[in-house]
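*Asks:*
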Amino acid sequence: MTVDTVTRAGGTPDEEQPWRELGLREEEYGRIREILGRRPTTAELAMYSVMWSEHCSYKSSKVHLRRFGDLPRSEALLVGMGENAGVVDVGDGYAVTFKVESHNHPSYVEPYQGAATGVGGIVRDILTMGARPVAVMDSLRFGRADAPDTARVLPGVVAGVGGYGNCLGLPNIGGELLFDDCYIGNPLVNALCVGVMKHADVRLAKAEGVGNKVVLFGARTGGDGIGGVSVLASETFDADGPAKRPSVQVGDPFTEKLLIEACLEIFAADLVTGIQDLGGAGLSCATSELAAAGSGGMRIDLDTVPLRDSTLTAAEILMSESQERMCAIVEPGKVEEFLAVCRKWDVLATVIGEVTDGDRLLIDWHGERIVDVPPRTVALDGPVYERPMARPADLDALQAAVPPAESTDLRADWLALVGSPDGCDKSWVTEQYDRYVQGNTVLAQPEDAGVVRIDETSNRGIALALDGNARFARLDPYTGAQLNLAEAYRNVAVSGAVPLAVTNCLNFGSPEEPEVMWQFAEAVRGLADGCRALGLPVTGGNVSLYNQTGDVPINPTPVIGVLGVHADVRQRVRGGWTTAGETLLLLGESRPEFGGSAWASVVHGHLGGLPPRLDLDAERALGGLLASLAADGLVSSAHDLSDGGLAQALTESALRYGVGATVSVDGDPTAALFGESVARAVVTTADAAAVLAAAQAAGVPVTELGTTGGDALVVEGLLELPLDELHTAWSTTLPTLFDTPEAVVGSVPAGAVPTS
Amino acid sequence: MPRVVVDVVLKPEISDPQGQAVLGALGRLGHQGVTGVRQGKHFVLDVEGTPDEAELRQIAETLLANPVIEDVELHLTES
Amino acid sequence: MRIGVVTFPGSLDDVDAARAVRLAGGEAVPLWHADDDLGAVDAVVLPGGFSYGDYLRAGAIAARQPLVRAVVDRARAGMPVLGICNGFQVLCEAGLLPGALTRNSHLHFRNRDQGLRVERADTAWTSSYATGQTIVVPVKNGEGRYVGADADLDALEGEGRVVVRYVGGNPNGSSRDIAGVTSADGRVVGLMPHPEHAVEDLTGPSTDGLGFFTSVLQGAVSA
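Here is the structure:
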């Protein structure tokens, strides 16, 4: 087979090229020819096609994401958007980097490996910044819980998230698991990783210093996921099924664990000037991004890349998405020491090229030049589209369809709500995750936020929450995105932490649909406005588009992550009641708000009306109050009110340690128990007077609900729920749905993963 | 090149939940004729020169299998 | 007292084991899998994790490393050894403890706060407890189902070598609810649950696990 060299490309301008099959549009192909002044070689075409895909170039979302960059500069932000992950100052010289990434389509095709490699990818992003990864979280959405495809996808995804994260020794500290018909055929698997480092240790993905070596290290390169990143992530699934399934990436967490340890030792010895992980678009992405971020050029000898499959072509090597690989820029004098660290950890490392003084990315194969491009044009100057937008035609009708507002059977509704797949006990999932490893997990699921200690001497720590209510975003994406931000903010605050920074994973349908594009733009505008109001920076994020089956897009699902800081994690507040005889207080104001609520969905199968009224000033006041109550040790528990309202929160707090309560509610009981007004939390205290005074000073409305104790939840004059009955309703849902042997057989590919 | 195939299965008295799960699934899929499933591991060893059967048996019995819970079977073939 | 904590490639709970040793008042000495010998340590902890990826069988490859052979030799001469989770699997694979750990009966990885009954309070690692005492420590594994031939298990029970047993539910289908066993001389203990994750109120379900580490330290003092 002849190699399509640069020389050959120059001499055969009219040769037909498969740009369309690679997902490029005619004008994009024309632009590549214009940049190069000739037709691209096959290898160049491969590089541009993956790097200019929606997944890598953000070509549809970029114009909107600029709003985040326009937010006021935050003093906490050390490294902003554009790098692999943003970096935030959390005090005492510590910096934290955190990010969420989607692996939706791969997880639908091969649930175990899709989810596992999603975790692997986000962990390498965090590692690349110079940080030690310290925890992961996962935000999952599936189709209706009893749908056959959910039984196929969910057990594999959960086993994959757990299998990979557990083997890396990263505690899983929380997340979400929600179900909706709109995710049938398009589950969402969003994984978060958070890492910690000292300020001075921040690393950037940059190739500087002429003569510095380019070192590829980690796993060998194979045929995994070739075309995956552009084709898999940017095209909607057809009904054709398996015939079109692309090759999936297969994860090896053991290799990744060694890669983590080797990298941390390499960072500690100061052996790299720049580093980048290989994720989507593999070597194409790593080499072009490293070179584009630096001031010089780069030359790569592709023959030196260690292969797992010797039949791969040059283009395939450049596009391969084999997992557990990294690329470093190393000074010549430090190469030996770098390779020695890799040998110690049994990590394969190979010098594959060097930084040059030109401004070109040059790649040779079998002694001939097959790539000669300006790296910026590959990595940074991809196409940018201002796609047409249109407010969904059905939105007026949807907002006008006001939900029912009165329960006919409060007790039955309560049990239905807490036993619903969204509201039920998630232990079936979270017991498959290691939450203890590293010994610094202070709070994990089912708490509202995960809390990790980052310094064993000072007890400084961080809190994280992920929230993405898609019903609210469907009814009003601008407000919905802000409500998700508010919920994550509140979840961090109830733990006693001070919220500090925001990340996001924006899951939407096809950007080529004007109505989806409008939803996306509105959500971004909402999130930016919300962050401005709360005074928080957006440190980065991830956009996942084309989430739809056929013509039907998913509900817009902006998953928002908020990071908070604990000056002393010993002051963290838990969500469960431990003690009888304490006063139960409701902080915040309740209104009859049922639009997009869990109660309307579960009991009435209804989605319509407007989401609850947003009040970010009230969120700020509540957050400040919760932090001071925690610092003063005035509350023994705090739980935020969100999906399912007061009924859901009381259930979770009572069942945590088996302590009941007797409460009374004023006014309309349906609104009091199931309404989803925001900026609310329930706290328990032994010193009600002090909490009341503090709330009054903070301008937060307070209602005394009742007293903890007993073995039932009693709402005076309305209903009584023995904890045993409540526990049965709450805890049997997921095991009943997913503990089927078929699900177990299919969940883990034979011999694919360690299981101890 | 001579090739040695080593099959490792759990001893009959050790319960095999993976095999049981497969059997249960087969039953529900209508394959009533299958009455037992044992899941195991399959190793393929390429060997240079004449294979030393005693040495290979030792490898199989002491490393590839855990003799406390597993049985091994060796098969010699040509690749 | 110097307690070695071995790190294999793929070890995960090694930092936690070392922390537990320190909190109990001992000196934790890191040992690397490729080290030639144990040096001057008085006891060894083999921590949890997935040594060498556990791709062959859990603990199988680690059990055949020279450093572990050295641990086995010293243990036979009376040095206290504690194997936690993957470390327990290594000790069984190395033949220092009887039985084997296999895939959980429900086939899932399971992490929960687990009740244990201390059956033997006179081993090198459990002397801080009282016989019959119930403790709560985390369990987290995918291959934690303890099995053995019935006759061997009968012998084990007859010799009183079951150190801890699951109570309030068996998390992995282990035979006779066995969570941990000891060598005939009571110096070597292996268990699937993780006492090193129950040493601080802040991060554990209890501080019940600390006793394993204080036991060996007290044993050294009184010896």
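Protein chains in written order, with the UniProt record's numbering: chain A, 1 to 756; chain B, 1 to 79; chain C, 1 to 223.
C-beta: ideal position from N, C-alpha, C; glycine also.
These numbers were taken from a predicted model, which means no experiment stands behind them.
Run through DSSP, which three-state label would E176 of chain A get?
*Replies:* Along the first sequence, read from residue 1 onward, the residue named residue 176 of chain A stands at position 176. E176 of chain A: strand per DSSP, three-state reduction.
*Asks:* When you measure from the CB of E119 of chain C to every non-hydrogen atom of the ligand MN, does any distance come out below 7 Å?
*Replies:* Ligands displayed in this structure: none; no statement on the ligand MN is therefore possible.
*Asks:* Please name the residue, chosen from C:R176, C:V167, C:A124, that lies closest to T182 of chain C on a Cα-to-Cα basis.
*Replies:* As a position in the third sequence, residue 182 of chain C is number 182, starting the count at 1. The shortest Cα separation from T182 of chain C among C:R176, C:V167, C:A124 belongs to C:A124.
*Asks:* With DSSP run on the structure shown, which of helix, strand or coil describes Q18 of chain B?
*Replies:* Within the second sequence, the letter at position 18 stands for residue 18 of chain B. In this structure, Q18 of chain B counts as helix in the three-state DSSP scheme.
*Asks:* Could you confirm whether any beta carbon from chain C is found closer than 8 Å to the beta carbon of Y183 of chain A?
*Replies:* In the first sequence, residue 183 of chain A corresponds to position 183, counting from 1. It does not: the Cβ of Y183 of chain A has no partner Cβ on chain C nearer than 8 Å.
*Asks:* Per DSSP, what kind of secondary structure is F594 of chain A in: helix, strand or coil?
*Replies:* What you label residue 594 of chain A is simply residue 594 of the first sequence in a count that begins at 1. Three-state result, F594 of chain A: coil.
*Asks:* Within the same chain, show all residues whose beta-carbon is closer than 6 Å to that of D448 of chain A, passing over the 5 residues directly before and after it, in chain order.
*Replies:* Against the first sequence, residue 448 of chain A aligns to sequence position 448. Closer than 6 Å at the Cβ level, and outside the excluded window around D448 of chain A, lie N491, V494, G575, D640.
*Asks:* Sort A:E582, A:V6, A:R656 by Cα distance to A689 of chain A and report the nearest one.
*Replies:* As a working note, residue 689 of chain A is residue 689 in the first sequence. Cα-wise, what sits closest to A689 of chain A is A:E582.
*Asks:* So, for P375 of chain A: in the same chain, excluding its five sequence neighbours on each side, which residues have a beta-carbon less than 6 Å away from its beta-carbon?
*Replies:* Start at 1 with the first residue of the first sequence, and residue 375 of chain A comes out as number 375. Correct list, in chain order: S288, A291, A292, L361.
*Asks:* Keeping to the same chain, check which residues put their C-beta closer than 8 Å to that of I173 of chain A; ignore five residues upstream and five downstream.
*Replies:* Position 173 of the first sequence, counting from 1, holds the residue named residue 173 of chain A. If we look at I173 of chain A and ignore the five residues flanking it on each side, its Cβ neighbours are A135, V136, M137, R435, T441, L443, A444, Q445, G450, V451, V452, L464.
*Asks:* How would you call D238 of chain A, buried or exposed, if buried means at least 16 neighbouring beta carbons within 10 angstroms?
*Replies:* One-based indexing of the first sequence puts residue 238 of chain A at position 238. Low confidence applies here, because D238 of chain A scores a pLDDT of 39, under 50, leaving its location unreliable; read the following figure in that light. Exposed, since its Cβ has fewer than 16 Cβ neighbours within 10 Å.
*Asks:* Between A:E515, A:V196, A:C182, A:P511, which lies nearest to D92 of chain A when the distance is taken from Cα to Cα?
*Replies:* Position 92 of the first sequence, counted from the first residue, corresponds to residue 92 of chain A. The shortest C-alpha separation from D92 of chain A is found at A:V196.
*Asks:* Name the one or two DSSP bridge partners that D277 of chain A has.
*Replies:* Taking the first sequence and counting its residues from 1, one reaches residue 277 of chain A at position 277. A:M326, per the DSSP bridge assignment.
*Asks:* Return the residues of the segment 413-429 of chain A that lie within a Cβ-Cβ distance of less than 7 Å from chain C, sorted by chain order.
*Replies:* If the cut-off is 7 Å between Cβ atoms, the segment 413-429 of chain A has nothing near chain C.
*Asks:* Anything in the segment 85-99 of chain C with a Cβ closer than 7 Å to a Cβ of chain B? List those residues in chain order, please.
*Replies:* For the segment 85-99 of chain C, which is checked against every Cβ of chain B, the residues closer than 7 Å are E93, G99.
*Asks:* Have a look at A:F472, A:E265, A:T684 and flag the residue whose alpha-carbon is nearest the alpha-carbon of L629 of chain A.
*Replies:* Walking along the first sequence from the start, residue 629 of chain A turns up at place 629. That would be A:T684, whose Cα lies nearest to the Cα of L629 of chain A.
*Asks:* Is it the case that the Cβ atoms of residue 767 of chain A and V635 of chain A are separated by a distance below 8 Å?
*Replies:* Since the displayed chain A opens at 1 and closes at 756, residue 767 of chain A lies outside it and no answer follows.
*Asks:* For a cutoff of 8 Å on Cβ pairs, would you count D346 of chain A as touching chain C?
*Replies:* Counting from one through the first sequence, the residue named residue 346 of chain A turns up at place 346. It does: the Cβ of D346 of chain A has a partner Cβ on chain C nearer than 8 Å.
*Asks:* Any C-beta of chain B sitting closer than 8 Å to the C-beta of T182 of chain C?
*Replies:* Here residue 182 of chain C refers to the residue found at position 182 of the third sequence. With 8 Å as the cut-off, T182 of chain C does not count as an interface residue toward chain B.
*Asks:* Verify the CB distance criterion: does residue 267 of chain C have a CB-CB separation below 8 Å to chain A?
*Replies:* Residue 267 of chain C lies beyond the stretch modelled for chain C, which goes from 1 to 223, so this question has no answer here.
*Asks:* Should N111 of chain C be flagged as near chain A, meaning a C-beta pair shorter than 8 Å?
*Replies:* Here residue 111 of chain C corresponds to residue number 111 of the third sequence, with the count starting at 1. Yes, contact with chain A.
*Asks:* Any Cβ of chain C within less than 8 Å of the Cβ of G218 of chain A?
*Replies:* Here the question's residue 218 of chain A lines up with position 218 in the first sequence. No - not a single Cβ of chain C is within 8 Å of the one on G218 of chain A.
*Asks:* So with CB distances below 8 Å, who are the chain B contacts of R57 of chain C?
*Replies:* As a position in the third sequence, residue 57 of chain C is number 57, starting the count at 1. Residues of chain B passing the Cβ test: N66.
*Asks:* Would you identify the three-state DSSP class for Y94 of chain A, choosing helix, strand or coil?
*Replies:* Translated into the one-based positions of the first sequence, residue 94 of chain A becomes position 94. Note: Y94 of chain A maps to strand in three-state DSSP.
*Asks:* With a threshold of 16 other CB atoms inside 10 Å of the CB of P332 of chain A, please say whether the residue is buried or exposed.
*Replies:* In the first sequence, counting from the first residue as 1, residue 332 of chain A sits at position 332. So P332 of chain A ends up on the exposed side.
*Asks:* Determine the DSSP secondary structure at N104 of chain A, reduced to helix, strand or coil.
*Replies:* By 1-based counting over the first sequence, the position of residue 104 of chain A is 104. Looking at N104 of chain A - three-state DSSP - the assignment turns out to be helix.
*Asks:* Count the C-beta pairs between the segment 338-346 of chain A and the segment 254-266 of chain A that are closer than 8 Å, then say yes if the count reaches three, no if not.
*Replies:* The segment 338-346 of chain A is in contact with the segment 254-266 of chain A.
*Asks:* Please check the pair A46 of chain A and A315 of chain A, which I expect to be a contact at CB under 8 Å, by giving their CB distance rounded to whole angstroms.
*Replies:* By one-based count along the first sequence, residue 46 of chain A stands at place 46. By one-based count along the first sequence, residue 315 of chain A stands at place 315. About 4 Å; that satisfies the 8 Å criterion.
*Asks:* List, in chain order, every chain A residue whose beta-carbon is nearer than 7 Å to that of G148 of chain C.
*Replies:* Counting from one through the third sequence, the residue named residue 148 of chain C turns up at place 148. Result: empty, since nearest Cβ-Cβ is about 18 Å, beyond 7 Å.
*Asks:* Apart from the five residues on each side of it in sequence, which residues of its chain come closer than 6 Å, Cβ to Cβ, to residue 255 of chain C?
*Replies:* There is no way to answer for residue 255 of chain C, as the model of chain C reaches only from 1 to 223.
*Asks:* Looking at the secondary structure, which residues open and close the alpha helix (DSSP H) in which W414 of chain A lies?
*Replies:* Start at 1 with the first residue of the first sequence, and residue 414 of chain A comes out as number 414. Unbroken alpha helix (DSSP H) run through W414 of chain A: 410-419.
*Asks:* By alpha-carbon positions, which one of A:L723, A:N469, A:T579 ends up nearest to L177 of chain A?
*Replies:* Position 177 of the first sequence, counted from the start, is the residue given in the question as residue 177 of chain A. Comparing Cα positions, the closest option is A:N469.
*Asks:* Specify, as a first and last residue, the run of the alpha helix (DSSP H) that M47 of chain A falls within.
*Replies:* Numbered from 1 along the first sequence, position 47 holds the residue referred to as residue 47 of chain A. 42-51 is the extent of the alpha helix (DSSP H) around M47 of chain A.
*Asks:* Which stretch, first to last residue, makes up the alpha helix (DSSP H) that contains Q696 of chain A?
*Replies:* By one-based count along the first sequence, residue 696 of chain A stands at place 696. Run containing Q696 of chain A: 688-698, per the alpha helix (DSSP H) assignment.
*Asks:* Below 8 Å on C-beta distance, what does A60 of chain C contact in chain B?
*Replies:* Stepping through the third sequence from its first residue, residue 60 of chain C is reached at position 60. Going along chain B in sequence order, the residues near A60 of chain C (Cβ under 8 Å) are L63, N66.
*Asks:* Would you mind telling me which residues of chain B sit closer than 8 Å to S105 of chain C, beta carbon to beta carbon, in chain order?
*Replies:* Residue numbering aside, residue 105 of chain C sits at position 105 when the third sequence is read from its first letter. Those are S15, P17, listed as they occur along chain B.
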